[in-house]
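Take a look at the structure set out below.
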Amino acid sequence: MNGGVIELGPTQLGIATLLVVAAGGVSVLLRLQVERRLAVAAVRSVIQLGLIGFVLEEIFALSRPSLVVALVLAMTVFAGREAATRSSRSYPWIFFDAWLAMTVSCLVVGGVVTQLIVGVRPWFDPQYVIPLLGMILGNSLTGISLCLDRLLEHFASRADEVELRLAFGATREEAVREPVNSAVRTGLIPIINSMAAAGLVSLPGMMTGQILAGSAPLQAVAYQIVVMFMIAAAAATGSMIVALIAVRRLVGIDGVLKLSSISNQ
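Taking the numbering used here, the leading residue of the sequence shown gets 4, the next gets one more, and so forth.
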C-alpha cells in the first residue's frame with residue numbers, strides 16, 4: 004500500500020486476466036463466436052495501456068507543455084480515426100470532419116474545465132490535463148460516431164424524403180433538420196443514460212477512482228459531477244459540429260443530395 008492506495012502487481016493482473024478468459028470460455032460454450040474479438044480487444048488494451056503508461060511516466064517527470072500538447076493532439080487524431088471508422092457508412096473527408104469536431108469540442112470544453120473550474124496551475128499540468136481531456140475524447144468519440152452513423156443511415160435509406168423537401172422549395176437547413184436532430188439525439192443517448200443512472204445504479208469511473216485513491220466521498224462526487232457535465236457538453240458540441248459539417252459535404256448549396264459520396268465501410 005502506497006499513500007492509502009492498494010498497489011497491483013503481476014499476480015493481481017493475472018487473476019484479472021482469468022476473468023476475460025472465463026468470458027471467452029462462455030463464448031465458446033454458447034457458440035457466440037466472439038472469443039476471438041474478445042481476445043484481440045484484450046491484447047490491444049494491454050499493449051495500448053502499457054505503452055501510454057510508460058509515456059505518461061516520462062511526461063509527468065519532465066512536465067513540459069510541448070509534450071502535453073503533442074500527446075493531446077495525437078489523442079485527437081486517434082479519436083477522430085476511431086469515430087470515423089465506427090460508422091457503418093462513410094464519405095470523403097469523414098476522418099477530417101470527425102477529427103475537427105473532436106478537437107474543437109475537446110479544446111473548448113476541456114479548456115473551461117481545466118482552467119476555469121478545476122483551476123489547473125500551471126495550465127499544462129499533465130496530472131490533470133491529460134486524464135480530463137482523455138475522458139472528454141473517449142466519451143465524445145462514442146457520441147460523434149453514433150451521430151455520424153445515424154445521419155448517414157438516414158441519408159442512405161430515406162434520401163427520397165430529403166429530396167422531396169428540397170424539390171418543394173425547402174432550404175438545405177429545412178430539409179435536413181429532422182435527420183440532424185435525430186442524429187444529435189442519438190449521439191447523446193449514452194451520456195444521458197449514464198447521467199440518469201449515476202448514483203442509483205452505478206458509481207461512475209471518476210468517482211470510483213477518487214474513492215479508491217483515498218478522497219472523501221463528497222469530494223469524489225463533486226469531481227464526478229464536473230466530469231459528467233463536461234462529457235455531456237463535449238458530446239453535444241461534437242455531435243452538432245460533425246452533423247453540420249457532414250450536411251454541408253453531402254447536400255450541396257444548390258439542394259442536390261450527393262448520395263454517390265456515401266459508401267459502406
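No residue lacks a Cβ here, since even glycine has one placed at the ideal position from N, Cα and C.
Here Ile195 is actually not in contact with Leu103; their C-beta atoms are around 24 Å apart, not less than 8 Å. Going by DSSP, Arg47 is part of the alpha helix (DSSP H) stretching over 38-65.
Contact between Tyr94 and Leu203 does not hold, since their C-beta atoms are separated by about 40 Å, which reaches or exceeds 8 Å.
In this structure, DSSP gives Val254 an extended state, which the three-state scheme calls strand.
Here Val112 is actually not in contact with Thr211; their C-beta atoms are around 22 Å apart, not less than 8 Å.
In this structure, DSSP gives Ser160 a helical state, which the three-state scheme calls helix. When secondary structure is reduced to three states using DSSP, Leu206 falls in the coil class, being assigned neither helix nor strand. Residue pairing of Arg92 in beta bridges, as defined by DSSP: Asn267. DSSP places Leu35 in the coil class of the three-state scheme, outside both helix and strand. Within the region 79-157, there are no complete beta strand (DSSP E) runs of at least 3 residues.
Residue pairing from DSSP places Ala201 in a beta bridge opposite Ser205. Comparing C-alpha distances from Val187 to each of Arg153, Gly217, Trp96 shows the shortest one belongs to Arg153. Cβ neighbours of Pro207 within its own chain (closer than 8 Å, five residues either side excluded): Ser197, Ala201, Gln227, Val230, Met231. Pairing Met138 with Ile234 gives a Cβ-Cβ distance under 8 Å. In terms of Cβ geometry, Leu151 and Val245 form a close pair [threshold 8 Å]. Separation of the CB atoms of Ser90 and Ser143 is rounded to 15 Å, and the pair is thereby denied contact status at 8 Å. Take Arg124, set aside five residues on each side of it, and no residue of its chain has a beta-carbon closer than 8 Å to its own.
The shortest CA-to-CA distance from Ile256 to any of Pro220, Glu177, Tyr131 is the one to Glu177.
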